[in-house]
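Below: the structure, in structure tokens.
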Ligand code: SAH
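Next comes the structure, spelled out in structure tokens:
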């Protein structure tokens, strides 16, 4: 076996790795034996020189992302490793009924730590894959990843687009090729989600092009939309609006602060309901708009971007959620419904719930929690990595 650089942990810092937590923080490292570079392969050892796991190194707060916990040391992460891991992710989606569905051909194939592939995101858009590296080690293995994906999808694969300029360290991005097609060349695709059509522009769109994680929550909105006046704020490409209109909403407004997002929404509305008259778009700041507008809506959707990316700004984020929710609750019709979300990983369901309840108190309205929502099964949560639970939502009945 070739010699792999050794990361030796401080005494007591091996517990998390033994519990299969996939991150080693830089503060847990006692000593590094051998050369290290960003993205390089390393083996993690306890303070007592016991082998624990194999991972990819990066000079950052998360210093090692563990890729393999098997006691038989892989020694390297070659083509076989990637094919096995990516096939496992594919097989899970097949079991969920997603790989061969006529009503939904958009799903997340790889959800980072949730699929034991920390730092890797892959979304599937009707035969097109968008791959995003959040760690240098993933970038360095991209050839293996792309080859494995071609093998798994075979003739069903139209393209693989690599989109990592926003997710890899800045200095790295300027030197390396972090954006572009790795296979095929198909810049846009029309996908189907629960029978609804969406045009995905992965090159110019936000994240990988679409917020796949809201699929089941959009379906839930449909149950509450028939005959209702719906305000969908932070609408991005109009996912919730399309479902509400299909369910027979009387009127839907889609609001986003980004003009580009509103253009995507308009396209998707036109794609599903050509010439429709009961849909309106608004380019505005959501909080300001709700505050200054006195129209009463039966159903309001609040799906803001993550307000807190780190624990040190969690307090401000909570204040932000409270202000936004209080304003929306104040304005909603009696008997109205609020769909409210947080995708801030550092704000957990308990904190989010108490924040929304505080908002209802501030607004002086009675509220009942009808549903508690989360992320769908193609965004699995690794049981040993609770940080992977990021999407939380509540459906409130406002009296
Ligand atoms: N609900 C969407 C995803 C929302 S992503 C879906 O189902 O696809 C968050 C969106 O909020 C982005 O489109 C972003 O442009 C928008 N946004 C960010 N800040 C905003 C603000 N202050 N007011 C309104 N929209 C905002």
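Numbering (the numbering used here), first residue to last: 3 to 401.
Here a beta-carbon is modelled for each residue, glycine too, at the ideal position from N, C-alpha and C.
Mind the definition here: the segment 66-76 touches the segment 8-25 only if three or more C-beta pairs lie below 8 Å; say whether that holds. Flag = yes, the segment 66-76 and the segment 8-25 touch.
Exposure label - residue 27; buried when at least 16 CB within 10 Å: Sixteen is the threshold: since fewer than 16 other Cβ atoms of the shown chains lie within 10 Å of the Cβ of residue 27, the residue is exposed.
Are residue 266 and residue 238 closer than 8 Å when you measure CB to CB? Yes, they are a contact pair.
Just checking my contact of residue 95 with residue 101 at CB under 8 Å: how many whole Å lie between their CB atoms? With 8 Å as the limit, residue 95 and residue 101 qualify as a contact, their Cβ atoms being about 5 Å apart.
Going straight from the alpha carbon of residue 272 to that of residue 278, what length do you get? Computed Cα separation, rounded: 7 Å.
Please state whether DSSP places residue 275 in a helix, a strand or coil. In the structure shown, residue 275 sits in coil (DSSP, three-state: anything other than H, G, I, E or B).
Quick check on residue 104: buried or exposed, where buried means 16 or more other Cβ atoms within 10 Å of its Cβ? Its Cβ having fewer than 16 others within 10 Å, residue 104 is exposed.
Roughly how many whole angstroms lie between the Cα atoms of residue 161 and residue 381? C-alpha separation (whole angstroms): 22 Å.
DSSP-derived helix/strand/coil call for residue 165: Strand, per DSSP.
Let me check one thing: in DSSP terms, what residues is residue 283 bridge-paired to? Under DSSP, residue 283 shares a beta bridge with 256.
Near ligand 1, which residues have their beta-carbon less than 5 Å from any of its heavy atoms, given in chain order? Ordered along the chain, the selected set is 213, 216, 236, 238, 241, 258, 259, 260, 263, 287, 288, 305, 307.
Best match in 132, 142, 66 for proximity to residue 120 [C-alpha to C-alpha]: Just measuring C-alpha positions, the residue of 132, 142, 66 sitting nearest residue 120 is 66.
For residue 115, which residues from the same chain have a beta carbon less than 7 Å from its beta carbon, with the 5 sequence-adjacent residues on both sides left out? If we look at residue 115 and ignore the five residues flanking it on each side, its Cβ neighbours are 24, 384, 387, 390.
I think residue 285 touches residue 261, with their Cβ atoms under 8 Å apart; what is that distance to the nearest whole Å? Between residue 261 and residue 285 the Cβ distance is about 5 Å, and since that is below 8 Å, they are a contact.
Got a sec, what are the start and stop residues for the beta strand (DSSP E) residue 35 sits in? Following the DSSP letters along the chain, one finds residue 35 inside the beta strand (DSSP E) bounded by residues 31-35.
Suppose you measure from the CA of residue 198 to the CA of residue 247; what does that come to, to the nearest Å? Roughly 11 Å between the two C-alpha positions.
Can you list, in chain order, the residues of its chain with a C-beta nearer than 8 Å to that of residue 141? Leave out the 5 residues immediately preceding and following it. Non-local C-beta neighbours of residue 141 in its own chain, meaning closer than 8 Å and more than five positions away in sequence, comprise 41, 135, 166, 170, 174, 178, 180, ordered along the chain.
If contact is defined by three or more beta carbon pairs under 8 Å, each pair taking one atom from either stretch, is the segment 328-336 in contact with the segment 356-367? By the Cβ rule, the segment 356-367 counts as touching the segment 328-336, because three or more pairs are nearer than 8 Å.
Take residue 154 as the anchor and find which of 303, 92, 12 has the nearest alpha-carbon. Nearest of 303, 92, 12 to residue 154, Cα basis: 92.
What beta strand (DSSP E) runs, 3 residues minimum, are completely inside the segment 124-159? Here the runs fully enclosed are 130-135.
Extract the residue ranges of the alpha helix (DSSP H) inside the segment 35-87, only unbroken runs of 4 or more that lie entirely within it. The segment 35-87 contains no complete alpha helix (DSSP H) run of 4 or more residues.
Same chain, Cβ closer than 7 Å to residue 268, five either side skipped, listed in chain order: Setting aside the 5 residues that flank it on each side, residue 268 is surrounded in the same chain by 283, each with a C-beta closer than 7 Å to its C-beta; the list follows chain order.
Rounded separation between residue 360 and residue 320 - CA only: Cα to Cα, the separation comes out at about 10 Å.
Around the Cβ of residue 60, are there at least 16 other Cβ atoms within 10 angstroms (buried) or fewer (exposed)? Residue 60 is buried by the Cβ-count criterion.
Length of the line joining the Cα atoms of residue 12 and residue 30: When the Cα atoms are used, residue 12 and residue 30 turn out to be separated by approximately 6 Å.
Ignoring anything shorter than 4 residues or poking outside the segment 300-362, list the alpha helix (DSSP H) runs there in chain order. As summarised for the segment 300-362, the continuous alpha helix (DSSP H) elements at least 4 residues long and confined to that stretch are 316-333, given in chain order.
Since residue 131 and residue 151 are thought to touch, with beta carbons under 8 Å apart, how far apart are those beta carbons, to the nearest angstrom? Sure, about 6 Å apart at Cβ, within 8 Å.
Using a 10 Å radius around the Cβ and a threshold of 16 neighbouring Cβ atoms, would you call residue 235 buried or exposed? With at least 16 other beta carbons inside 10 angstroms of its own, residue 235 counts as buried.
Inspect the beta-carbon positions of residue 288 and residue 326 and report whether they are closer than 8 Å. Closer than 8 Å, so yes.
What does DSSP give as the partner residue(s) for residue 110 in the beta ladder? Residue 110 pairs with 125.
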